[in-house]
Structure formats: C-alpha cells, structure tokens
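Just so you know, the sequence shown maps onto residues 13 to 435 in UniProt numbering. Quick reminder that beta carbons are idealized off the backbone N, C-alpha and C, glycines included.
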Amino acid sequence: CRDTSGALPVLGRDVLVPLVTGGEVTYAALDYAASAPALQRVWDDVAAYAPYYGSVHRGAGYLSQLSTELFENARHAVAEFLGCRDGDQVVFTRSTTDSLNLLAAALPAECEVFVFETEHHASLLPWREARVTYLDAPHTPEEAVRALERALADRDPYGLALVCVTGASNVTGELWPVRELAAAAHSHGARIVLDAAQLAPHHPVSVRELDVDWVAFSGHKLYAPFGSGVLAGRGDWLQDAEPYLAGGGASRKVARRADGGVDVEWHTTAARHEAGSPNVIGAYAIASACKALTEAGFDTLVAREQQLVSAVRAGLAEVPEVRVLSLFGDDAPRVGVLSFVVDGWNSSHFAAALSAEYGIGVRDGLFCAHPLVRTLLGTEPQTQGECGAPEAAPGEKSLNAIRVSFGAGTPDEHVERFVRAVK
Ligand code: PMP
C-alpha cells in the first residue's frame, strides 16, 4: 500500500512551475498546514452544485429552496463528522480565527480564560478582553495537564472559566493530550474549546469522545478552500450572547417601539451568529470534505501520513546541520507537520531555494505562533511583520524556521524530492 493517497486525489499535483535553473517541474505542495489543496471530490461536488446556486433562507424559488436544503444538510454532515451531542450547534464562520473570535465575543461576563503560550495567535489573542492566564510552554503532554490542573485549582471554583487548547501544533505537528486536558478542565468546573485547525484534517475529532465543549476548524486546511470555517459545540453561551454580527438572518422579529427605537428578537439557533447571506458553497465544500475523509477512512489516511512523517524524519536525520523543532521530544506523536532549522542557513533563503530550485512549496517564518517558535529556538522577541522573515547574522541562532507539511494526496515523490533537496 505505497500509494493509498490515490484513494483521495487532490488538485494541483500536475501543475507545472518554472525553476530558476531552467525548465519546469510539477509543483510539490508541502505547505498543507497553511492551506491544503482541494480534494478532487470537493471540487467536483462544488462544480456540480454551482449551476444550482441560489440564496439561502431568503428565496421562494426552486434554487433558493435547494440551496437552503444543501446548506442545512451541510450543517448536519459537519455535526455528524464531529460527533456532536444533542443540543450542540454548528455555526458556519469564515475560519478558525473567526470561530474563536466568535466564542470570545460570546464569553459570559467574568469568565476567566486559560491558554498555553504555545498556541497559534488565533487561539492566543482573541481572549484579551477577558481575564486571561497564559501558561508557560510545557515540555511533555503530562506536564501540560499538570500545569492546567495547578492553574485551575488556584481560581475561584464558583466562577466561569474557559480553557483554549490546540489539538495538534501548527509548528511542531505534535499532538496535545486533548482528552486529558478536557477532563482536567471539567473536573475544575471549566469548559474547553479545541482549536482543531491542524487536528481535524489528520485525525478523527469527536466532541463527544474527546469531551470538549467546542471545536473550531477551517475549511481551507480540511481540503475545502472555499472560505468557510466551523464553530461547533454547546449552544447555551452562544444563544445567550449578543449576535456576533447584527443583521438579517440573525433576527427573528424586528419592530419599531413607541419611543421610536427598534426592538429585536434574535434567533437562538446557529443563525443568531450567521447574519448576512451565508457562504453556501463554503459550507457545502466543508461537508463534502467531511464525507470524503470519512469514506476514505482515517485509519488509512493516518497510516499513509505516518509513512510520510517517518520518511521525512529519517531523511532529515541524515543531515547533521538540520534540527527538527519539538516541545515534547523527538519521538512525540505528530501529524504531517514538521518545522526545522538548518545550521548556517537563513530559513527564508532556504525556503526560497526549495521553491526556486526544486518547485517545492514550504513555509518559513514564525508561523503566527511567535512565543512558541521563540521558545523552541531560544531567541528573543524581534520587531517584524506577523509572518516576517528576520535575518540571522552569520553564526547567530536562526530567528525563524522552515515548516514542511503534508497530508491526503501527498505522493511519495514530493517527500522524496524534499529530502533530496534538503540534503
Ligand atoms: N489554529 C491553528 C493551530 C492554525 O494552524 C491556524 C492556521 N495556521 C489557525 C488556528 C488559524 O486558522 P485560519 O487562518 O484559517 O483562521
């Protein structure tokens, strides 16, 4: 079973890109952690639906009715994919960032938030208007659970609290002990939201089995790059909160008051936070990807991806100048995401050379997780753009890193080319 990837073809594998050395080569997309290529199946489903596109929840015509049905069916498909419980809501958003900002806007007053400094900025930053405790980077999964237990034990046991944690790091690819962190949160009366942006494309994610209160992910990392994301989970805080956006679709009844003002009755379903015409194609594409991944089977997908992880690890281990970044230790389980630095190389030049000379697309930088990357590299904060590429002077520590990431549809040849190029 060397090429089980063929079971789930992705777009873009045959795209030719020019090389500085002359000629062309097929593009090797090894930047799935930023945005994964669309599954062929998603593209086909979207193309088949496109002629039938119509407004959702806003039209009496046949195509509007059909689109409304597809949109709501997409919600059910996502709920099924995520193993949602009765009463859970699935809100379609733009992305993981949008989903977590929506939850942050819906936090009840006085809710405290606990978050590890190692999070992606999308999980680290939205809570800043609440009382936030930032936890230091742990060095083992067990230490993460102990640190959370300790922090939660110190708080007012009758107060509301939320823990936000990632399922798989976008920098190291390492898996976080989500079930154990959820158990720790709940045993101290706190709730937990899972940032599954990097986990959901690679592993089954069940809110019921992991016992998390919410989960957030992005369509474009789940092979469905059509502009939608998801926040799914408990409805109570969401339906008590002010709508994320005020507007049509979120309101059930709007009327002028005798004093001249306006009274609004908001929906208490997911529609409360989906004001405006929804992105039906984005939602439909996510549902299509959920079904395709489920049908292909995560057992098959994980086994295939782990073959690729092993090949990359073994290849990089043969290059003494390469240091793979890891928080939990070299053997920690990880998804198909690895970051590394190369002694004597500026990471940005290295990544640029992989593209220009080999047609390989990776990412360089601090991966929107500045505190984590600095901890891993042992460097001090620098002033730079969010995804900028600071230069390390010769002989100095790298100030940023290179990330290679892959998943469904990645052929052996892409990984082999990458290892050859690094060597
Ligand atoms: N969380 C993690 C772990 C991520 O990797 C990313 C994207 N790199 C995000 C959140 C934010 O996702 P998006 O850019 O789709 O909002």
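Measure the beta-carbon distance from residue i to residue j and round it to whole angstroms, keeping in mind my assumption that it falls under 8 angstroms.
i           : j    : result
W55         : L23  : 6 angstroms
S79         : V68  : 5 angstroms
A423        : R25  : Note that residue 423 is Pro in the sequence shown here, rather than Ala. Their Cβ separation, rounded to whole angstroms, is 7 angstroms, which keeps P423 and R25 in contact under 8 angstroms.
T391        : K409 : 6 angstroms
F238        : A315 : Contact doesn't hold; Cβ gap of about 28 angstroms is too wide.
V157        : P189 : 6 angstroms
residue 473 : L174 : Past the edges of the chain, shown from 13 to 435, lies residue 473, and the structure says nothing about it.
T281        : Q101 : 7 angstroms
G247        : A287 : The Cβ separation is near 17 angstroms, so there is no contact.
V353        : I414 : 7 angstroms
L94         : V183 : Not confirmed; about 24 angstroms, so no contact.
H215        : V347 : 7 angstroms
G241        : F229 : 6 angstroms
E333        : D311 : Contact flag wrong, Cβ pair sits at about 36 angstroms.
L250        : H285 : 6 angstroms
A283        : G261 : 6 angstroms
residue 437 : T105 : Because the chain spans 13 through 435 in this model, residue 437 falls outside it and cannot be assessed.
G324        : L350 : Looking at the sequence itself, residue 324 is Val, so the reference to Gly does not match. Rounded, the Cβ-Cβ distance is 6 angstroms, consistent with contact.
V205        : D225 : 6 angstroms
Where does residue i land, buried or exposed, given buried means 16+ other C-beta within 10 angstroms?
i    : result
L136 : buried
Q210 : buried
N85  : exposed
E131 : buried
R53  : buried
E398 : Residue placement at E398 is poorly supported in this model, since its pLDDT is 45, which falls under 50; the coordinates still yield a value, given next. Answer is exposed; the Cβ neighbour count stays below 16.
E141 : exposed
R14  : Below a pLDDT of 50, predicted positions are generally treated as unreliable, and R14, at 49, falls in that range; the measurement from the model is reported next regardless. So R14 ends up on the exposed side.
R268 : exposed
T109 : buried
P290 : buried
S322 : exposed
R429 : buried
E317 : buried
K265 : exposed
R70  : exposed
G419 : buried
K435 : exposed
S417 : buried
T165 : For clarity, residue 165 is Ala in the given sequence; the question names Thr instead. Exposed, by the Cβ-count rule.
P169 : exposed
A163 : buried
Y256 : buried
A49  : Note that residue 49 is Pro in the sequence shown here, rather than Ala. Flag for P49 reads buried.
Y44  : buried
V177 : buried
V374 : buried
P30  : exposed
R97  : exposed
H232 : buried
G377 : buried
G179 : buried
P150 : buried
D275 : exposed
Based on the DSSP output, what are the partners of residue i in its beta bridges?
i    : result
E333 : Its beta-bridge partners do not exist; DSSP assigns none.
I298 : I298 pairs with nothing; no bridge assigned.
A228 : D207, L243
R316 : Beta-bridge pairing links R316 to no other residue.
R415 : S351, R375
V29  : V37
V102 : A244
V22  : L51
Is the CB of residue i under 8 angstroms away from at least one CB in chain D?
i    : result
F229 : Note that chain D does not occur in the displayed structure, where there is just one protein chain.
For the ligand FAD, is there a heavy atom less than 7 angstroms away from the beta-carbon of residue i?
i    : result
T184 : By its list of ligands, the structure shown excludes the ligand FAD, since it contains just the ligand PMP.
Exercise. Can you check the stretch 341 to 395 for any alpha helix (DSSP H) of at least 4 residues that lies completely inside it and give the ranges in chain order?
Key: The DSSP assignment places 359 to 370, 382 to 389 as complete runs of the alpha helix (DSSP H) inside the stretch 341 to 395, in order along the chain (cut-off: 4 residues).
Quiz item: Which ranges would you report for the alpha helix (DSSP H) in the stretch 234 to 292 if only whole runs of at least 4 residues count?
Solution: Here the runs fully enclosed are 248 to 252.
Practice problem: Could you pull out every unbroken beta strand (DSSP E) segment of at least 3 residues lying fully inside the stretch 172 to 199, listed in chain order? | Solution: 173 to 178
Exercise. Jot down the residue ranges of each uninterrupted beta strand (DSSP E) in the stretch 34 to 73, minimum 3 residues, whole runs only, in chain order.
Key: Correct list: 36 to 38.
Quiz item: In chain order, which continuous runs of the alpha helix (DSSP H) of length 4 or greater are located wholly inside the stretch 123 to 162?
Solution: 133 to 136
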